[in-house]
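Below: one structure, written as C-alpha cells.
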Amino acid sequence: MTAVGPLLSTELPFSSTPTPVALSTTVPVLVSTPAFVTMLHPLEGAKLPALREVFVFGAVTPGSTMTINGSTVPVHAKGGYLTMIALLPGEMALSVDAKAPNGAFAHLDRRFSVSAGFVLCPSTPTSLLKDSVSPADDLLLGAGDTVRVSFQGSPQGQAEFAIKGLDRHIPMVESGNRGVYEGSYVIKPGQEVRQAGISVTLSPLRPGEPSKTLVAGKKRNVRKEEARGRLTIESGGVPRVGMITEDVVAARTAADGGYDLFLYRGMRVRLTGKIGSQWRVRLSATQSGWVKEAAVQELPRGTAASQSVLANITIIHQAESTLIRVPLSDLLPYRVEQGLDPPLLTLTLYGATDKTELIRYDPEDPLVRLVRWRQVSADACQVIIEPRFKTWWGFDVRYEGSTLVIEVRQPWTQTNLTGMPIAVDAGHGGSDRGAVGPHGTLEKDANLMIARLVKDLLEKAGAKPFLTRGADVDMSLYDRPRMAWKNRARLFVSVHCNSSGLGENPLWNNGSSVYWAQPQSQALAQALHASYRKNVPVLPDRGLFYADFAVCRMTQMPSVLTEQAYIIIPEQEDLLFDPAFQTTLANTIVRDRKSTRLNS
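244 is the number of the first residue of the sequence shown in our numbering; add one for each residue after it.
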C-alpha cells in the first residue's frame, strides 16, 4: 500500500542530546536551587482502585539521590523520576527523601488509599453487602425489557429478589461460589409500577437441604437489603419523545457503552427507557441507542418522533465535489458506513419510508456512478452511493434545513503537495492541559510547538497548511473537524503526547503511536506509523491502532491522531521539549513520497 504522508523531503539528523533553550520551552534545569522534591502522581488523598502497583513520578533537584520508603529510585539527569511501587489494600503512605548534590535534604510524605477490590464474604454469619446491591440507579422500563439484579454476600446461599407491587419471589443464582448472586425479570405486557423498591434476600443453604422460599424472620440468618435504584414501568400508550438540544451528542451502545453513532440538534427521538441519567432512544424497530439526559429535552406527550418519506433525490456536481441532495420533512437520525473495496457510502436513515421515484443525475458529474436505495425495515431505509473513483478523499453528511446533503469529495490527483490544504491540530489547549510531565511540563504546550513545526515544513513543501489552534486557547473536540472541513482540508493530523492510565506500567508500555477510525484513514495511519518506526528509533513503537477518538471519527477527510512520546517518562519528557527532537518529530510526520495517492 502506498499512502499519503509523511510527505516532505527534508530529513534532519536525529540528535539524542538536548539543545539548551529558554526555560519557557524546555524541561527546567535547576542545579543551583535548594533541595526539593515533588510528586505529581498519585495525588495526596487519592482513592485508587484495586491495583497491585501504580506509577509514581515527579522531580527532585538535578543530581540528587532519592528513596521512596527506603528504596532507591533512579533519577534522570535533569531531576525527573518515574518508578512503579507495589500496593496493598487500605491506607498507603509514601515517605520520599532526596539528597541534593550540595548535601541539602528534601522530604515529602504522600498518603492515599487503595480499594480492596473483591473480597470474599465469610460464610458465617450470613452477610449481604448493602453497597453491592444493583441496580444502583433508578430505572424506567417497559414491556419486554429485562430488570437485572445482583449483589454480593456469603457464598453457597439461597437468594431471591422482589419488586414491590409486582413479584415477591424471583430466584437468583450464585456465580462461581464467590458469593455473587444474579437474577433477572422480564417485564410482561400490561405491568405497571411507579418508583417500586427492589429488595434482595439471602439465607444460608445447609448441605442436603432443599431450596425453600425465603421469608425474612421465619428462617434463621436471613439477610435482606434494598437496592438504591427504584423501578418505574410504563405499560405503553402515548410514547415519550425527546428533542436533541446539543449540537452533537453520541448515542452509545448501552448506558455505559461505547460510541455507536451521533445525533444532532433538533432531531426528535422516541424515549423508551432510562437508567440513571441515560435515556434509551428508539431509532427504528431494530436500532436503539443511549443518550445522556442533559442533551435531551422531553417534549409534551403526543409529540411524534422524527419520520419522513424518502422521495426524489438530486445529484449536483460542483467544484471539487458532488452533492447528493435528499429532501426530507424531518431531521432524521442516520448512520454512515464507508467501504473501501468496493468503495461505497451507505447511509441508514431511521424513521424513513422510501417512495423514491426519480433520481436526477448530473451529466457533467465525474464522481458518482450510482445512487440506489433499499428499505431495510418498516421504519428505516438506506441510500447507497457508489463512486466512480477507487480511493476516498473525504465526504460530509449534513442537513441544510430539512434536506440531507451528502457531499463526496473529489480525489486529489496531483503527485505532490502543492496547493493541498492540510489541517494540523495541536491537541488540547487553554483550560485543557492534557498530560503533565515530571517537571510540570504540559502536553498542550509540546503539542503546539510540534504542530507549528509541522505547519512550517508543509509550507516549504508547497502545501497550504493551517493550525486548528495557533495559540493556547480552548477549542472543543467537535470544532476541530468543523474548522478543517470549512477550510477544505484534504488531510487532518492531530498532534498529541501520551500518558498512562491506572493499571498500566509506562516503564514497559511507552513510545510513539498512531491512531485512525474511518476506513479512508487507515492507509495514511499505516504510512505515518512506518515513518515513526524508521525515523524515531530512539523511542519504542507503541503501535498502530483503530481508535474511537472524536477527532478521528468526526473528521470528514482522511485523518489520524499521533502520540509522539510519553510525557510522564523523564527521558521522553526531555526529548519532547528539545527543539532538535521536536524538528525530528515534525519531519517524521512530513517527509517525501513519490505519490500522494492513498492507495497503490
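Just so it is clear, CB atoms sit at the ideal spot from N, CA and C, and this is done for glycine as well.
Under a 10 Å Cβ-count criterion, D490 is classified as exposed, with fewer than 16 other Cβ atoms of the shown protein chains found around its own Cβ. Out of E469, D699 and R603, the CA that lies nearest to the CA of L566 is found in R603.
With the rule of 3 Cβ pairs closer than 8 angstroms, the region 517-528 counts as touching the region 377-396.
A check of alpha carbon separations from T831 across V316, L701 and P724 identifies L701 as the nearest.
Counting C-beta atoms within 10 angstroms of its own C-beta, K703 has fewer than 16 neighbours from the protein chains shown and is therefore classed as exposed.
In the DSSP assignment, D340 forms a beta bridge with T310 and H350.
Under the three-state reduction of DSSP, T826 is assigned to helix. Below 8 angstroms, enough C-beta pairs join the region 788-797 and the region 719-727 to call them touching: three or more. Between V619 and M282, the alpha-carbon positions lie close to 57 angstroms from each other. Classified as exposed, L331 has fewer than 16 neighbouring CB atoms from the shown chains inside 10 Å of its CB.
Judged by DSSP in its simplified three-state form, P762 adopts helix. The residues L701, A706, K707, P708, F709, A732, R733, L734, F735 and V736, in chain order, have a CB closer than 8 angstroms to that of I665 in the same chain once the five nearest residues on each side in sequence are set aside.
Around the beta carbon of G387, fewer than 16 other beta carbons sit within 10 angstroms, so the residue counts as exposed. Judged by DSSP secondary structure, C364 falls outside any alpha helix (DSSP H); it is assigned neither H nor E.
Taking a cut-off of 8 angstroms on C-beta distances, the region 580-589 does not touch the region 530-539, as fewer than three cross pairs fall below it. Note that the C-beta distance between D668 and E650 is not below 9 angstroms. Across the structure, R495 and A470 are spaced so that their CA atoms are roughly 25 angstroms apart.
Nearest Cα to P285 within the set F279, A293, G360 and G301: G301. DSSP, reduced to helix, strand and coil, places V318 outside both helices and strands of the structure shown, so it counts as coil.
V679 sits away from I812, with the two beta carbons spaced by 9 angstroms or more. Linking P365 to S356 through their CA atoms gives a straight-line distance of about 24 angstroms. At a cut-off of 3 residues, the continuous stretches assigned as beta strand (DSSP E) that sit fully inside the region 625-667 are 638-643 and 646-652.
Taking 9 angstroms as the cut-off, the beta carbon of A329 is found no closer than this to the beta carbon of E287.
Contact between the region 743-759 and the region 772-783 is present, with at least three C-beta pairs closer than 8 angstroms. A direct Cα-Cα distance of roughly 53 angstroms separates T367 from H319. With a minimum length of 3 residues, the unbroken runs of beta strand (DSSP E) contained wholly in the region 694-727 fall at 707-710.
Using a Cβ distance threshold of 9 angstroms, A528 and V484 do not count as a contacting pair.
In the structure shown, K373 falls within a helical segment according to DSSP collapsed to helix, strand and coil.
Taking C-alpha positions only, G426 is separated from G480 by approximately 29 angstroms.
Contact between the region 685-695 and the region 593-603 is absent: fewer than three C-beta pairs spanning the two stretches fall below 8 angstroms.
When the alpha-carbon of Q769 is set against those of M797, V803, Q799 and P783, the nearest one is in V803. With 16 or more other Cβ atoms from the protein chains shown falling within 10 Å of its own Cβ, W636 counts as buried. Each residue's CA atom was taken as its position, placing Y789 and S358 some 32 angstroms apart. The bridge partners DSSP lists for F404 are I413 and V443. Bridge partners of H772 according to DSSP: none are assigned. Its chain contains Y324 and T326 as the residues whose beta carbon lies nearer than 8 angstroms to that of P317, once the 5 sequence neighbours on both sides are disregarded; these appear in chain order.
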